[in-house]
Structure formats: C-alpha cells, structure tokens
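Asks: Numbering (the working numbering), first residue to last: 609 to 720.
Glycine included, every Cβ here is placed at the ideal spot set by N, Cα and C.
Remember, predicted model here, so these are calculated numbers, not experimental data.
#1: Could you check whether residue 687 and residue 614 sit closer than 8 Å to each other, using their CB atoms as the reference points?
#2: How far does the beta strand (DSSP E) with residue 612 in it reach, from first residue to last?
#3: Taking C-alpha atoms, which residue in 712, 711, 663 and 705 lies nearest to residue 694?
#4: Over the uninterrupted alpha helix (DSSP H) stretch that includes residue 624, give me the two end residues.
#5: Pull up the DSSP beta-bridge partners for residue 697, would you.
#6: Cβ atoms of residue 611 and residue 671: under 8 Å apart, would you say?
#7: Using the DSSP secondary-structure output, state which residues sit across from residue 644 in a beta bridge.
#8: Give me the residue from 678, 668, 709 and 719 with the minimum Cα distance to residue 620.
#9: Starting from residue 719, trace the alpha helix (DSSP H) in both directions and tell me its first and last residue.
#10: What residue does the alpha helix (DSSP H) around residue 703 start on, and which one ends it?
See below:
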C-alpha cells in the first residue's frame, strides 16, 4: 500500500477530485492548508498592491493499493497542472499496515 499526499491549488481541487473518481479512487481525506513557497501571491486593496508569502492550498491524503499508485499520481498531475509556479507537490510513502476499526480487518482489504 502507498500513501500519496498532494498539495494542490484550491482552484484545481474539483478537477483533481473528478479525475480521482474517474480512476476509481473514491476515498481520501483533504483539508485546507496555508504554506510558504516560491510563488508570491499578491493582493490589491484600494489600488495599492500588497505582497503576501502565505499561500492557500488544499492538502490531499490518499492511501491506495500498490496497483493504483501510478494512476492516482497521473490523475493528480494531469488535473492539477496549470504550468505555473505554485502548482504543488506530490509525496509518496509506503504504508506498512492498515486496520479497519469497525471490524478489526487488516491489510489491503481495509481500503475497500
């Protein structure tokens, strides 16, 4: 099993979610995060431009069977890309074991 964590633009979340559903990835967690990066967002208030280093993003955490690893990554890459600085990052790590709390089941069966 793999844990895929992605930090994406909030504006691309709907497209990424749809792409994941199309690949059969129907369960994942997400939340809004604020971070620092190479992208510099700015805002204009009363005609004055202000620069801010805080960048709003959406963080996705997805655990998949090894067979779904590449298709999950491809879905995020394709749907989340704008080609501009600040598109985000994807991190992949191994999951040693998973348990379903309700039944005590363990292993990849817990992902269904």
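Replies: Result, derived from the coordinates:
#1: Here residue 614 is taken as the residue at index 6 of the chain shown, counted from 1. Here residue 687 is taken as the residue at index 79 of the chain shown, counted from 1. No; because the gap between Cβ atoms is not below 8 Å, this pair is not in contact.
#2: Position 4 of the chain shown, counted from the first residue, corresponds to residue 612. Where residue 612 is concerned, the enclosing beta strand (DSSP E) stretches over 610-617.
#3: As a first step, residue 694 must be located in the chain shown, where it is residue number 86. When each option's Cα is compared against that of residue 694, the closest is 663.
#4: Along the chain shown, one-based indexing puts residue 624 at 16. Residue 624 -> alpha helix (DSSP H) spans 621-630.
#5: In the chain shown, the residue the question calls residue 697 occupies position 89. Note: residue 697 sits in a beta bridge opposite 615.
#6: Position 63 of the chain shown, counted from the start, is the residue given in the question as residue 671. Position 3 of the chain shown, counted from the start, is the residue given in the question as residue 611. Contact flag set, yes.
#7: Numbered from 1 along the chain shown, position 36 holds the residue referred to as residue 644. Looking at the DSSP assignment, residue 644 forms no beta bridge with any residue, so it has no partner.
#8: Counting from one through the chain shown, the residue named residue 620 turns up at place 12. If we check each option's Cα against that of residue 620, 668 comes out closest.
#9: In the chain shown, counting from the first residue as 1, residue 719 sits at position 111. Premise fails: residue 719 is in no alpha helix (DSSP H) and is neither H nor E.
#10: The sequence position of residue 703 within the chain shown is 95, counting from 1. Where residue 703 is concerned, there is no enclosing alpha helix (DSSP H), given that its DSSP letter is neither H nor E.
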